[in-house]
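So the sequence shown is residues 1 to 242, counted in full-length UniProt numbering.
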Amino acid sequence: MAVTLSSVSACACLLRSPRKAVSQFSPQIFKLGSTPLLPRTTLRPRKLVVRAARTESRGVSLGFRPPNFELPEPLTGKVWKLEDFESHPALLVMFICNHCPFVIHLKNAIVKLTNFYMKKGLAVVAISSNSVITHPQDGPEFMSEEAKLFKYPFPYLYDESQDVAREFGAVCTPEFFLFKKDGRRPFELVYHGQFDDSRPSKNVPVTGRDLSLAIDCALSCQPVSSAQKPSIGCSIKWHPER
Numbered sequence: 001m002a003v004t005l006s007s008v009s010a011c012a013c014l015l016r017s018p019r020k021a022v023s024q025f026s027p028q029i030f031k032l033g034s035t036p037l038l039p040r041t042t043l044r045p046r047k048l049v050v051r052a053a054r055t056e057s058r059g060v061s062l063g064f065r066p067p068n069f070e071l072p073e074p075l076t077g078k079v080w081k082l083e084d085f086e087s088h089p090a091l092l093v094m095f096i097c098n099h100c101p102f103v104i105h106l107k108n109a110i111v112k113l114t115n116f117y118m119k120k121g122l123a124v125v126a127i128s129s130n131s132v133i134t135h136p137q138d139g140p141e142f143m144s145e146e147a148k149l150f151k152y153p154f155p156y157l158y159d160e161s162q163d164v165a166r167e168f169g170a171v172c173t174p175e176f177f178l179f180k181k182d183g184r185r186p187f188e189l190v191y192h193g194q195f196d197d198s199r200p201s202k203n204v205p206v207t208g209r210d211l212s213l214a215i216d217c218a219l220s221c222q223p224v225s226s227a228q229k230p231s232i233g234c235s236i237k238w239h240p241e242r
């Protein structure tokens with residue numbers, strides 16, 4: 001999928017020559033920017049590079065309870081609420097978008113990981129909160145195309161007001177919030193960290209190691225380690241007036 005660049009983006013997300021996200025997970029885990037114009041309008045070929053304003057997930061404490069939300073799914077038109085996931089022992093909330101190179105780098109792997117764990121009882125929902133004023137490519141119509149193209153097994157919801165992102169304390173894409181239940185108690189945050197050590201500009205394979213270990217613990221009622229590396233990505237694109 002081509003990435004549309006936006007000149008007004010606070011995060012000028014440019015890509016190197018296209019590369020596919022690696023979707024092979026570690027077996028032990030799963031067990032299982034413009035081109036310069038030269039004189040006489042001669043263009044010199046240039047490689048695209050990743051120049052992103054990197055932002056880390058932060059500011060949300062473990063034990064945090066997910067706020068209630070009510071958001072539409074552009075693909076189906078269905079409105080989803082937090083209570084729709086209450087019957088599950090654990091819930092993964094992901095803030096993602098269409099254009100961010102950090103998300104693009106992980107998309108295939110995210111689909112593989114979520115497919116695997118949803119069969120084990122994990123509830124998953126993805127939310128896009130980016131402003132369509134500055135990034136129209138992240139709007140509902142394109143979200144529907146994205147969900148179909150990558151065959152997302154989870155609902156991909158649109159946070160037009162950006163209120164849900166603020167209530168969660170989300171600041172970047174991708175950002176992962178893993179909640180679990182203790183008996184009949186409400187969901188509580190047990191993991192707010194990275195997918196793994198892989199990044200678009202690093203020659204490190206995508207494994208999903210960090211997130212999958214946390215999910216394994218949550219689903220088996222084991223404590224999740226509090227030693228968590230923050231997720232790193234592009235900042236959420238807030239509406240200009242905000």
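Ideal Cβ positions, reconstructed from N, Cα and C, are used throughout, including at glycine.
| Asked | Found |
| --- | --- |
| Span of the alpha helix (DSSP H), counted from its first residue to its last, around Pro101 | Pro101 to Met118 |
| Leu211 beta carbon less than 7 Å from that of Phe195 | yes |
| 7 Å CB neighbourhood of Pro223 in its chain, flanking five on each side removed | Cys217 |
| Of the listed residues His105, Leu122, Gly59 and Val206, nearest to Cys234 (C-alpha basis) | His105 |
| Buried/exposed call for Thr76, threshold 16 Cβ in 10 Å | exposed |
| Where residue 250 falls, given that 16 or more other Cβ within 10 Å makes a residue buried | Limits of the chain in this structure are 1 at one end and 242 at the other, which puts residue 250 out of reach. |
| N- and C-terminal bounds of the beta strand (DSSP E) containing Ala170 | Element bounds for Ala170: n/a, residue is neither H nor E. |
| Proximity to Gly208 [Cα-Cα], best of Ile110, Phe85, Val60 and Gly183 | Ile110 |
| Buried or exposed (CB count within 10 angstroms, at least 16 for buried), Glu241 | exposed |
| Which listed residue (Phe154, Phe168, Arg185 and Leu71) has its alpha carbon closest to that of Tyr117 | Phe154 |
| Counted within 10 angstroms of its Cβ, other Cβ atoms place Gly193 as buried (16 or more) or exposed | buried |
| Sub-7 Å separation of Gly139 and Gly59 beta-carbons | no |
| DSSP bridge partner residues for Thr55 (one or two, in chain order) | Gly233 |
| Beta strand (DSSP E) segment containing Leu91, residue limits | Ala90 to Phe95 |
| Residue of Ala123, Ala126, Phe142 and Val124 minimising C-alpha distance to Val132 | Phe142 |
| Buried/exposed call for Cys100, threshold 16 Cβ in 10 Å | buried |
| Alpha-carbon to alpha-carbon, Ser201 and Phe85 | 35 Å |
| Contact check, residue 283 vs Cys172, beta carbons under 7 Å | Outside the shown range of the chain (1 to 242) lies residue 283, about which nothing can therefore be said. |
| Alpha carbon of Phe176 to alpha carbon of Val125, nearest angstrom | 10 Å |
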